[in-house]
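Undergrad:
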Amino acid sequence: FGAVITGLDLNNFTEEIVAQLEKAIWEHKLLIIKGQHDLKPKRSWELLRALDPEMIIEDDDTLINLFHPHQWFRVPDAGLFYFIGKGPQDDPRYGKPGLDMGDASLSHYYSVPLSDEDFEAGRTRFHVWYMNGFYWRHGISKCTILRPIKFPTEGLDKQTVEWADGSGMTMEVQPGRQAFLDVEQLYDMLSDEEKRMADHSWADYNYWPFENLKDCHYAPNGLGVVTEGREQPEEELLKLGGASKDWQKRYPLVWVNPVTGKKSFQCMHHLVRRLYIRNGPDETPKIIDDLGEVRKFLDKIQSRIIKPEHIWVGPEEEHDLVIFGSYGLLHSNIDYPASWGKKSVHQAFMATSKPPAGPVPIPDISKE
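The sequence shown begins at 290 in the numbering used here and counts up one residue at a time.
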């Protein structure tokens with residue numbers, strides 16, 4: 290997956306360029322647009338909106354509630370772009386004076402602890418494999434724009450990501466980058482029987498997913514949540530923010546790319562509440578409601594793609610703009626020590642009004 294674009298001035302994008310970029314996102318899943326040092330933050334936001342005219346725009350208060358307990362710091366004059374990073378965000382052109390994001394450590398999420406000494410020596414973990422979206426009240430994003438302004442440069446040049454799951458797998462990465470993998474490739478790895486099952490099955494997602502998981506630990510390889518009973522009670526979640534059960538999202542396990550027609554096994558492992566499994570259109574689904582069993586089921590399928598040879602980590606250079614679609618990829622943050630220097634990244638995505646379509650419609654089982 291992925292394509293590199295050079296010689297493009299995004300400050301002066303046109304409708305034709307937007308159409309070409311949109312087509313390329315569907316076809317390649319991820320684009321690296323080189324050398325965007327002079328891109329105005331406002332134009333980044335205008336580009337994202339042009340790529341998805343059906344984007345759902347919310348105000349800051351709603352976004353803060355949907356993201357809670359995660360932080361939300363807006364980039365000045367950049368629409369709904371927000372900062373990802375560590376330390377002072379004081380770049381004179383692309384920062385926010387007075388904003389210091391501190392350490393922003395991910396260590397409290399790890400189910401297999403990593404000592405401070407090992408972390409400083411360059412050992413790290415994947416955070417969690419996911420795709421951007423809200424998965425509650427509003428749904429998935431069509432695409433995300435990620436713009437690295439500053440990568441850490443005061444520590445080691447490389448880190449070693451450890452799977453820490455007994456497999457012994459590791460991979461070297463540059464600090465401050467994102468990891469990506471291809472779930473279209475994952476679908477191709479399935480057996481014919483698994484493909485038939487996946488084509489006809491679907492998932493319900495958690496209430497207030499980010500709030501629900503705030504006390505949970507993630508699997509050491511980043512694939513989902515460890516089942517420890519640390520999720521928030523559903524009845525308590527429904528008391529938050531005027532919540533309604535109608536806000537819960539239900540998506541197919543397989544998403545069909547509307548341009549290429551290719552299929553992806555696209556499921557946010559850590560956000561799934563229950564599964565509906567069937568092997569054909571006329572079969573009554575088996576409902577898997579126990580969270581431990583839900584996670585075992587998804588582990589069996591998704592773990593096969595989480596191997597070093599299937600993962601790309603980047604971008605390599607600052608101001609290489611990355612645009613990635615939601616249908617065919619998962620991505621993960623990779624933490625690094627704050628002592629290695631500051632990181633500043635601008636990122637934006639918003640929910641799109643079009644939900645993902647599967648190979649077959651999800652039936653209304655409430656009428657059965």
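Note that CB positions come from ideal geometry on N, CA and C, so glycine has one too.
#1: Where do the ends of the beta strand (DSSP E) carrying D493 lie?
#2: Which value, in whole angstroms, describes the spacing of the CA atoms of D535 and H427?
#3: Quick one, are the C-beta atoms of N354 and L328 less than 7 Å apart?
#4: Going by other Cβ atoms of all chains shown within 10 Å of its Cβ, with 16 needed for buried, is G391 buried or exposed?
#5: Within 7 Å (strictly less), CB to CB, does S456 reach chain C?
#6: Closest to E343 by C-alpha separation, out of V515, Q360 and K431, would be which residue?
#7: From the DSSP secondary-structure annotation, give me the bridge partner or partners of F440.
#8: Flag this pair as touching only if the region 447-465 and the region 405-424 have three or more C-beta atom pairs under 8 Å; answer yes or no.
#9: Given K318, which residues of its chain have a CB within under 6 Å of its CB, disregarding the five upstream and five downstream residues?
#10: Could you check what DSSP says for V272 in three-state terms: helix, strand or coil?
#11: Based on DSSP bridge pairs, tell me the residues matched to K552.
#12: Enumerated in chain order, which unbroken segments of the beta strand (DSSP E) with a length of 3 residues or greater are wholly contained in the region 500-547?
#13: Where DSSP assigns a beta bridge to V602, which residues make up the other side?
#14: Leaving out the 5 sequence neighbours to the left and right, which residues in its chain are closer than 8 Å to V515 when beta-carbon positions are compared?
#15: Count the CB pairs spanning the region 466-484 and the region 591-607 that are closer than 8 Å, and state whether there are at least three.
#16: For the structure I just gave you, are there three or more beta carbon pairs, one from the region 485-500 and one from the region 521-534, closer than 8 Å?
#17: Answer with buried or exposed for E500, where buried requires no fewer than 16 other C-beta atoms within 10 angstroms of its C-beta.
#18: What ranges does the beta strand (DSSP E) occupy inside the region 608-637, keeping only unbroken runs of at least 3 residues that lie completely in it?
#19: Going by the beta-carbon positions, is the gap between F554 and V545 smaller than 7 Å?
#20: Please state the DSSP three-state secondary structure of V462.
#21: Mind checking who D389 pairs with in its DSSP beta bridge?
#22: For I322, write down the residues that DSSP places opposite it in a beta bridge.
#23: Measuring only the C-alpha atoms, how far is Y630 from G376?
#24: Distance, Cα to Cα, V293 vs S592?
#25: Quick check on this structure: which residue in N568, I595, T442 and K552 has the alpha carbon closest to the alpha carbon of M460?
#26: Starting from the C-beta of A367, find all residues in its chain whose C-beta is less than 8 Å away, skip the five residues before and the five after it, and write them out in chain order.
#27: Taking the C-alpha atoms as reference points, what is the distance between I612 and E409?
#28: Are I651 and W425 touching if we call contact CB-CB under 7 Å?
#29: Residue ranges of each beta strand (DSSP E) run of no fewer than 3 residues wholly in the region 551-592, ordered along the chain?
#30: Roughly how many whole angstroms lie between the Cα atoms of V548 and V462?
#31: Given K552, which residues of its chain have a CB within under 6 Å of its CB, disregarding the five upstream and five downstream residues?
#32: So what's L435 in DSSP terms, helix, strand or just coil?
#33: Output yes or no for whether 7 Å exceeds the beta carbon distance between V364 and F370.
TA: Let me lay it out:
#1: W491 to Y494
#2: 11 Å
#3: no
#4: exposed
#5: Annotation note: the requested chain C is absent from the structure, which comprises a single protein chain.
#6: It is K431 whose Cα lies nearest to the Cα of E343.
#7: In the DSSP secondary-structure assignment, F440 is not bridged to any residue.
#8: yes
#9: F290, G614, G617 and L618
#10: Not covered by the structure: residue 272. The range shown for the chain is 290 to 657.
#11: V545.
#12: With a minimum length of 3 residues, the continuous beta strand (DSSP E) runs that stay inside the region 500-547 are 539-541 and 543-545.
#13: A468
#14: Counting only residues of its own chain and dropping the five nearest sequence neighbours on each side, V515 has a CB closer than 8 Å to the CB of S400, C505, H506, Y507 and A508.
#15: yes
#16: Inter-segment contact for the region 485-500 and the region 521-534 is present: three or more beta-carbon pairs are separated by less than 8 Å.
#17: buried
#18: 610-614, 618-622 and 632-637
#19: no
#20: In the structure shown, the three-state DSSP call for V462 is strand.
#21: Assignment of beta-bridge partners to D389 by DSSP yields P377.
#22: I294 and L610
#23: Going by the sequence as given, residue 630 is Gly instead of Tyr. Computed Cα separation, rounded: 8 Å.
#24: CA-to-CA, the gap between V293 and S592 works out to about 28 Å.
#25: I595
#26: If we look at A367 and ignore the five residues flanking it on each side, its Cβ neighbours are P330, K331, S333, W334, H635 and A637.
#27: 31 Å
#28: no
#29: 552-554, 561-566 and 575-577
#30: 32 Å
#31: Y476, V543 and V545
#32: strand
#33: yes
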